[in-house]
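Following the working numbering, the numbering of the sequence shown begins with 15 at its first residue and continues without gaps. All C-beta atoms, glycine included, are put in the ideal place defined by N, C-alpha and C. What you are looking at is a predicted structure, and each value in this text was computed from that prediction instead of being measured. Working notes for the structure below.
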Amino acid sequence: MTPRKNPLQRIVLFGATSAIASAVARELATPDTQLFCVARDGTALQALLDDLRVRADDTDGTRIQGTTADLADIDAHAAVWQQAQQALGEVDAVLLAWGTLPDQAACDASVEATLDAIHVNGTSAIALLARIAPDFERQGRGVIAAIGSVAGDRGRQSNYAYGTAKGMLATYLQGLRNRLFFHGVDVVTLKPGFVRTPMTAGFNRAGALWAEPEAVASGIVKAMQRGREVAYLPWIWRIIMTVIRLLPEYLFKRLKL
Ligand SMILES: NC(=O)c1ccc[n+]([C@@H]2O[C@H](COP(=O)([O-])OP(=O)(O)OC[C@H]3O[C@@H](n4cnc5c(N)ncnc54)[C@H](OP(=O)(O)O)[C@@H]3O)[C@@H](O)[C@H]2O)c1
Numbered sequence: 015m016t017p018r019k020n021p022l023q024r025i026v027l028f029g030a031t032s033a034i035a036s037a038v039a040r041e042l043a044t045p046d047t048q049l050f051c052v053a054r055d056g057t058a059l060q061a062l063l064d065d066l067r068v069r070a071d072d073t074d075g076t077r078i079q080g081t082t083a084d085l086a087d088i089d090a091h092a093a094v095w096q097q098a099q100q101a102l103g104e105v106d107a108v109l110l111a112w113g114t115l116p117d118q119a120a121c122d123a124s125v126e127a128t129l130d131a132i133h134v135n136g137t138s139a140i141a142l143l144a145r146i147a148p149d150f151e152r153q154g155r156g157v158i159a160a161i162g163s164v165a166g167d168r169g170r171q172s173n174y175a176y177g178t179a180k181g182m183l184a185t186y187l188q189g190l191r192n193r194l195f196f197h198g199v200d201v202v203t204l205k206p207g208f209v210r211t212p213m214t215a216g217f218n219r220a221g222a223l224w225a226e227p228e229a230v231a232s233g234i235v236k237a238m239q240r241g242r243e244v245a246y247l248p249w250i251w252r253i254i255m256t257v258i259r260l261l262p263e264y265l266f267k268r269l270k271l
């Protein structure tokens, strides 16, 4: 078993009210942890903070804090990151978890919709990573984790705008991992498969391949503690995606996936 090398005591969650990130937050909230939660929806954020404060026995709200931000607004990132650093002091770990699942047909009909999808799921996350990386580099320790997707492993007609953004994010994280390895910082790429969250509410979610957010959150916490490079969640997706990636393109283009 890989040892737990990274303490997760002072953590910043971006997109904290997402079903997956809030399950991570609930798992991490103990009397020993400090969490800083960033989310767009103020009401959902307050409900999450209230719940986490009870779990973490934080009666005066000093260890569990947060702020609202539209994380697609790159100009807002610097102030939010500064606020998180001021709240926590040294940061052990960050988790980037915001995202949207765009309608591919709407993207096919609109250049703007395509670029918006790529921005919210890809470039805005990369902008935040580029902003925070120098601080981790200076600090010489810590974990940077971001939620990509199995959809980023291969472009498919049904969701290639989303897949492009997640694929770009994965490649950026790969380069960042290589850069920060030499500074003692772990960079973790998280690739969930199908998860029952509000994002997938419109799908038929029956079947063994659908996971609950709590199970994926447990995998995320373990991957961050252990400093894993790439974690497929659940693990079976590593095998599925290996097969999907190996299919020759002349066959793959004929599939209705
Ligand atoms: N569910 C799946 O099957 C699945 C599979 C692979 C990867 N993922 C990834 O997992 C992550 C978490 O998603 P989820 O499944 O937990 O879905 P979710 O519950 O729908 O969460 C998505 C979150 O992203 C937030 N968000 C969207 N745009 C934002 C913006 N501009 N600024 C700030 N926050 C924004 C949403 O905030 P609002 O509430 O304000 O809209 C919401 O809290 C995402 O990165 C997603 O791509 C999900």
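Exercise. Do the region 220 to 231 and the region 180 to 189 touch if we need at least three Cβ pairs shorter than 8 angstroms?
Worked result: no
Problem set entry | Between the CA atoms of VAL202 and VAL244 - distance to the nearest angstrom | Here residue 244 refers to the residue found at position 230 when the sequence shown is read from its first residue. Here residue 202 refers to the residue found at position 188 when the sequence shown is read from its first residue. Rounded to the nearest angstrom, the two C-alpha atoms are 6 angstroms apart.
Exercise. Cβ of THR211 versus every heavy atom of ligand 1: is any distance shorter than 8 angstroms?
Worked result: Walking along the sequence shown from the start, residue 211 turns up at place 197. Because some heavy atom of ligand 1 lies under 8 angstroms away, the Cβ of THR211 counts as near it: yes.
Exercise. When the Cα atoms are used, what is the spatial distance from ALA93 to ASN135?
Worked result: The count along the sequence shown starts at 1 and reaches residue 93 at position 79. The count along the sequence shown starts at 1 and reaches residue 135 at position 121. Cα-Cα distance, rounded: 20 angstroms.
Exercise. Is the distance from the Cβ of VAL108 to the Cβ of VAL157 below 9 angstroms?
Worked result: Along the sequence shown, one-based indexing puts residue 108 at 94. Along the sequence shown, one-based indexing puts residue 157 at 143. Yes; because the gap between Cβ atoms is below 9 angstroms, this pair is in contact.
Exercise. Quick one: is LEU271 buried, meaning 16 or more other Cβ sit within 10 Å of its Cβ, or exposed?
Worked result: As a first step, residue 271 must be located in the sequence shown, where it is residue number 257. Residue burial is scored here from C-beta neighbours: LEU271 has fewer than 16 other C-beta atoms within 10 angstroms and is therefore classed as exposed.
Exercise. On the three-pair Cβ rule with 8 angstroms, is the region 80 to 96 touching the region 42 to 53?
Worked result: yes
For this session: Tell whether a beta-carbon distance below 9 angstroms holds between GLY154 and ALA165.
Result: Residue mapping note: residue 154 aligns to position 140 of the sequence shown, counting from 1. Residue mapping note: residue 165 aligns to position 151 of the sequence shown, counting from 1. Cβ distance not < 9 angstroms, so GLY154 and ALA165 don't count as in contact.
Exercise. Which of the three DSSP states, helix, strand or coil, is assigned to PRO262?
Worked result: To locate residue 262, count along the sequence shown from 1; it is residue 248. Correct three-state label for PRO262: coil.
Exercise. Going straight from the alpha carbon of PRO45 to that of GLN99, what length do you get?
Worked result: As a working note, residue 45 is residue 31 in the sequence shown. As a working note, residue 99 is residue 85 in the sequence shown. PRO45 and GLN99: Cα-Cα distance of roughly 20 angstroms.
For this session: Return yes when the C-beta of ARG54 is under 8 angstroms from any heavy atom of ligand 1, and no when it is not.
Result: Position 40 of the sequence shown, counting from 1, holds the residue named residue 54. Checking every heavy atom of ligand 1 against the Cβ of ARG54, one is found closer than 8 angstroms.
For this session: Pull up the distance between the alpha-carbon of LEU260 and that of PHE266, whole angstroms please.
Result: What you label residue 260 is simply residue 246 of the sequence shown in a count that begins at 1. What you label residue 266 is simply residue 252 of the sequence shown in a count that begins at 1. Going from the Cα of LEU260 to the Cα of PHE266 covers about 9 angstroms.
Problem set entry | Any beta strand (DSSP E) of 3 or more consecutive residues that is wholly inside the region 57 to 94 | 78 to 82
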